[in-house]
Amino acid sequence: MLLKINFTQQRRVRLAQGLWLMSWLAVMCGAFIFCLGVYLKTELLRRNEVMENTEIHMVPNILMMVGLASIGTNWVASRVCQDSLDATRFPRWKVLLLAWFALAALLCCLLIAVVVLSYALQGRLEESLKVGLRNGIRFYKDTDVPGRCFQKETIDRLQMEFRCCGNSNFRDWFEVQWVSNRYLDFTSKDVKDRIRSNVDGRYLLDGVPFSCCNPASPRPCLQYHLTDNSAHYNYDFQSEELNLHSRGCRQALIDYYMGLMNSTGPGVLSVILRQMTVAASLRYLQAAVEGAMALGGTQRARRETSPGEGSRNH
Amino acid sequence: MALMLVKFDLKKRVKLAQTVWFMYWFAVMAGVLVFSMGLFFKIELRKRSELMDNNESHFLPNLLIFMGLVTCGINAFGGKVCYDSLDPTKFAKWKPMLKTFLVFCVGFNALLIVTALLCFLMRIPLQFTLAEGLRNGMRYYKDTDTPGRCYMKRTLDLMQMEFRCCGNDNYRDWFEIQWVSNRYLDFSAKEVKDRIGSNVDGQYLMDGVPFSCCNPSSPRPCIQYQMTNNTAHYSYDHYTEELNVWKRGCRDALLSYYGGMMNTIGALVVLVTMLEVAVTIGLQYVNSSLSTLANPEDPESESEGWILEKTVKETFTDIMAKMKAMGKGSKVEEGGEAAVATES
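Top to bottom, those sequences are chains A and B.
According to the numbering used here, the first sequence is numbered sequentially starting from 995.
According to the numbering used here, the second sequence is numbered sequentially starting from 73.
Laid out in structure tokens, this is it:
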């Protein structure tokens, strides 16, 4: 027998009551895990347009599944506690309890897997964001193409909300034509020069959209002719820091999502601990009640004691 | 003839006490709600105090916080009294102060109605505060090197982006002030000298707006400068252009935001007032039903409950008579003293 404890009738009753309370707390923990999963999934779905694949959605999906399963198993545990002190009703749970322990172990393993996955999938998330943001920046100008017409608004709002510019930094905008052809005067010399200056015939400029502007800058935002120091008074491109957001949107989004998942880490770990406590207490209760029933009614007149076991092997 | 007389037996009294106790706990939570709403409103006002001329009145949120706390206290006390009302020995110690408590509750309910009314009326002074504050804010936009005003640019930019507005009434307000700091103007350039020479105050005025006025929903990259010059931009007509910059003025935007908040809070306070009136009436019934037991020794005897012992008119005349008697009593004392003084 592993970790043997002796239980009197009174102690069994106390254990059953305490375990009933703990299993209801565990039900609420399960609901908490489910809500966490829903919140994470909502946040990921909000930025769906700048992500290329949905592999990272595995984390919230598992959290939601585990949350629901945990609610169910802990509710069953509370019913078992209620019936444990009644000798007529307890035997019907006997068969189910083995399956219950297996399920509880599985849930704990899944929760640990979720914590591990949230770190392991960071690389995949970064890749997905890289491709998604590159496409977003490329299609920024296509406000007249069905299916892409909201790309401009999405990227603008993203850059303003997360205080970032471009994919890795603001220079990403120099390599892409982000002004739609509808607003270019093809008869003017400047436009013709720029289009001829590169192989693909794109209108490239050393400028960024307004959403890259940093409100904390002391001077009005400089968006165009960024590399040309003589175009603006008292301006040095190399040393100018506050004019635009210096962070790239890929880094900003990764920091945000990693922060979210890290902050849920302690919550998940505490739920794992609680679930293991419930499982251990239920095992003690089961062994104690079965021992008491095995001793039979003849000993009911005397003070009843029964051994409680921590392991099945004996 | 009592007002709204109801006959009670023991079972009915117990049920009444339990219901009123339950309602008191709801009322405690309502008090917590009023408190938290006052706190929320205070924080929101503080967040934008720079744009409100630093002059905004915190009277309403402070009042809400105070009323929330008092509501919690009163309702907790009332709930305790209801809980004890089922036990005659415990109830006996509360009995003497119950009448005063009920009068206090009626006064408190009137104060709650006044609070709700204030929530709807405070919109008007807020309008003036906002107008003044925003106008000053725009004037100090360029002063990013003046201590005390260096964050005005950032505050205004963030506010225009968050509330999707531009300028005070509309974007043209930016045309009338200099919002570019002198540090970034090349005074040797012809264009700058022309603009400064074009107005009496020597300000660098232009037909442009800050970047925070830009509307992300526009299909074309934002046009911030030379907005009234159609030839400066390809395929641009500033009369028909709608999506380029935000059309709404920030005063309207902020007013509708705070106005909506105050309307919601006012509506909730009205609901809380109705709940308070209901629990006060319930407590009055509990009190009156327990003081009119047919047989005072027997807790199971029948009794009557009412809101007012006599009709409204009679109660009113009673109160007036009492007040006159109190006034006359002090006059009689004075008269007696004067008579004694003249006699001696």
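The C-beta atom is built at its ideal place from N, Cα and C for all residues, glycine as well.
Just so you know, these numbers come straight off a predicted model, no measurement behind them.
For R1002(A), three-class secondary structure by DSSP = Taking the first sequence and counting its residues from 1, one reaches residue 1002(A) at position 8. Just to set this straight, residue 1002(A) is Thr in the shown sequence, not Arg. T1002(A) falls in the strand class under three-state DSSP.
Taking the alpha-carbon positions, what's the V349(B) to G145(B) distance?
-> Locating residue 349(B) in the second sequence gives position 277, where the first residue counts as 1. Locating residue 145(B) in the second sequence gives position 73, where the first residue counts as 1. Between V349(B) and G145(B), the C-alpha separation is close to 16 Å.
By Cβ distance below 6 Å, which residues in the same chain neighbour N254(B) in space, the five residues on each side in sequence not counted?
-> Start at 1 with the first residue of the second sequence, and residue 254(B) comes out as number 182. There are no such residues.
What is the DSSP secondary structure of V252(B), counted as helix, strand or coil?
-> Working through the second sequence from its first residue, we reach residue 252(B) at position 180. Residue state, collapsed to three classes: coil.
Which one or two residues does DSSP pair with L190(B) in a beta bridge?
-> Position 118 of the second sequence, counted from the first residue, corresponds to residue 190(B). Partner(s): none; L190(B) has no beta bridge.
Bridge partners of F247(B), per DSSP?
-> In the second sequence, residue 247(B) corresponds to position 175, counting from 1. In DSSP, F247(B) forms no bridge with anything.
Length at least 4, wholly inside the segment 113–183 of chain B: the alpha helix (DSSP H) runs in chain order | 131–156
Could you tell me which chain A residues have their CB closer than 7 Å to the CB of M233(B), listed as they occur along the chain?
-> To locate residue 233(B), count along the second sequence from 1; it is residue 161. Residues of chain A passing the Cβ test: M1154.
Contact residues within the segment 1048–1082 of chain A, judged by C-beta distance below 7 Å to chain B = none
Express the C-alpha separation of F180(B) and T1002(A) in angstroms, rounding to a whole number.
-> Residue mapping note: residue 1002(A) aligns to position 8 of the first sequence, counting from 1. Residue mapping note: residue 180(B) aligns to position 108 of the second sequence, counting from 1. Near 57 Å, if we compare the C-alpha coordinates of F180(B) and T1002(A).
Hey, does A1210(A) have any beta-carbon neighbour from chain B nearer than 8 Å?
-> Locating residue 1210(A) in the first sequence gives position 216, where the first residue counts as 1. By this cut-off, A1210(A) is an interface position.
With a cut-off of 8 Å, does the C-beta of D159(B) fall near any C-beta of chain A?
-> Numbered from its first residue, the second sequence carries residue 159(B) at position 87. Judged by the 8 Å Cβ criterion, D159(B) is not in contact with chain A.
Below 8 Å between beta carbons: does that hold for E1120(A) and R1041(A)?
-> Taking the first residue of the first sequence as 1, we reach residue 1120(A) at position 126. Taking the first residue of the first sequence as 1, we reach residue 1041(A) at position 47. No, Cβ-Cβ distance for E1120(A) and R1041(A) is not below 8 Å.
For E376(B), write down the residues that DSSP places opposite it in a beta bridge.
-> Position 304 of the second sequence, counted from the first residue, corresponds to residue 376(B). According to DSSP, E376(B) bridges with K79(B).
When the Cα atoms are used, what is the spatial distance from T1036(A) to E1046(A)?
-> Walking along the first sequence from the start, residue 1036(A) turns up at place 42. Walking along the first sequence from the start, residue 1046(A) turns up at place 52. If you take the alpha carbons of T1036(A) and E1046(A), they lie about 16 Å apart.
Residue-level contact to chain A via CB, P293(B), 8 Å cutoff | Here residue 293(B) refers to the residue found at position 221 when the second sequence is read from its first residue. Chain A, which has a Cβ nearer than 8 Å to the Cβ of P293(B), makes this yes.
Which residues, taken in chain order from the segment 1141–1153 of chain A, show a beta carbon closer than 8 Å to some beta carbon of chain B?
-> C1143, K1146, E1147, D1150, R1151
How many angstroms separate the CA atom of L1009(A) from the CA atom of G1061(A)?
-> Locating residue 1009(A) in the first sequence gives position 15, where the first residue counts as 1. Locating residue 1061(A) in the first sequence gives position 67, where the first residue counts as 1. Whole-angstrom Cα-Cα distance: 25 Å.
Using only alpha-carbon positions, find the residue among T218(B), C285(B), S289(B), R211(B) that is nearest to R1151(A).
-> In the first sequence, the residue the question calls residue 1151(A) occupies position 157. Of the candidates T218(B), C285(B), S289(B), R211(B), the one whose C-alpha sits nearest the C-alpha of R1151(A) is S289(B).
Applying a beta-carbon distance threshold of less than 7 Å, which residues of chain B neighbour S1205(A)?
-> For this step, residue 1205(A) is matched to residue 211 along the first sequence. The contacting residues are P288.
For S108(B), go through chain A and note every residue whose CB falls closer than 7 Å to its CB, in chain order.
-> As a position in the second sequence, residue 108(B) is number 36, starting the count at 1. Ordered by position in chain A, no residue passes the 7 Å Cβ test against S108(B), which lies about 21 Å from the chain.
From which residue to which residue does the alpha helix (DSSP H) around T201(B) run?
-> As a working mapping, residue 201(B) is identified with position 129 in the second sequence. Looking at the DSSP string, the run of the alpha helix (DSSP H) that includes T201(B) is 195–211.
Nearest neighbour of L174(B), chosen from D245(B), E376(B), Y357(B), P371(B) [CA to CA] = Position 102 of the second sequence, counted from the first residue, corresponds to residue 174(B). Nearest option by C-alpha distance: Y357(B).
Kindly confirm or deny that the segment 129–141 of chain B and the segment 94–114 of chain B touch, where touching means at least three C-beta pairs closer than 8 Å.
-> yes
Could one say the Cβ of D1230(A) lies closer than 8 Å to chain B's Cβ atoms, at least one of them?
-> Numbered from 1 along the first sequence, position 236 holds the residue referred to as residue 1230(A). Chain B contact via Cβ: absent.
Going by beta carbon distance, what residues of the same chain come within less than 7 Å of F1168(A), once the five residues before and after it are set aside?
-> Walking along the first sequence from the start, residue 1168(A) turns up at place 174. Excluding residues within five positions, the ones whose Cβ falls inside 7 Å are L1198, D1200.
Three-state class that DSSP yields for C222(B) in the structure shown | Translated into positions along the second sequence, residue 222(B) becomes position 150. If DSSP states are grouped into helix, strand and coil, C222(B) belongs with coil.
Where does V1110(A) sit, in a helix, a strand or coil, going by DSSP?
-> Within the first sequence, numbered from 1, the residue matching residue 1110(A) stands at position 116. Reduced to three states, the DSSP call for V1110(A) is helix.
Alpha carbon to alpha carbon, how far is R195(B) from R85(B)?
-> Here residue 195(B) is taken as the residue at index 123 of the second sequence, counted from 1. Here residue 85(B) is taken as the residue at index 13 of the second sequence, counted from 1. Cα-Cα distance, rounded: 46 Å.
Would you check if there are 3 or more beta carbon pairs closer than 8 Å linking the segment 217–227 of chain B to the segment 262–271 of chain B?
-> no
Just checking my contact of F1164(A) with V1202(A) at CB under 8 Å: how many whole Å lie between their CB atoms?
-> Position 170 of the first sequence, counted from the first residue, corresponds to residue 1164(A). Position 208 of the first sequence, counted from the first residue, corresponds to residue 1202(A). That pair is a contact at about 5 Å.
Flag this pair as touching only if the segment 1132–1150 of chain A and the segment 1087–1103 of chain A have three or more C-beta atom pairs under 8 Å; answer yes or no.
-> no
Are the CB atoms of C1023(A) and S1064(A) nearer to each other than 8 Å?
-> Taking the first residue of the first sequence as position 1, residue 1023(A) is located at position 29. Taking the first residue of the first sequence as position 1, residue 1064(A) is located at position 70. Contact: yes.
Cβ of Y1227(A) less than 8 Å from any chain B Cβ?
-> As a working mapping, residue 1227(A) is identified with position 233 in the first sequence. Output row for Y1227(A): interface = yes.
Helix or strand or just coil, what does DSSP make of V317(B)?
-> For the purposes of this step, residue 317(B) is taken as residue 245 along the second sequence, with counting starting at 1. Here V317(B) sits in strand by DSSP.
Could you give the residue range of the alpha helix (DSSP H) that holds N1068(A)?
-> In the first sequence, counting from the first residue as 1, residue 1068(A) sits at position 74. It spans 1052–1078 - the alpha helix (DSSP H) in which N1068(A) sits, taken as one unbroken run.
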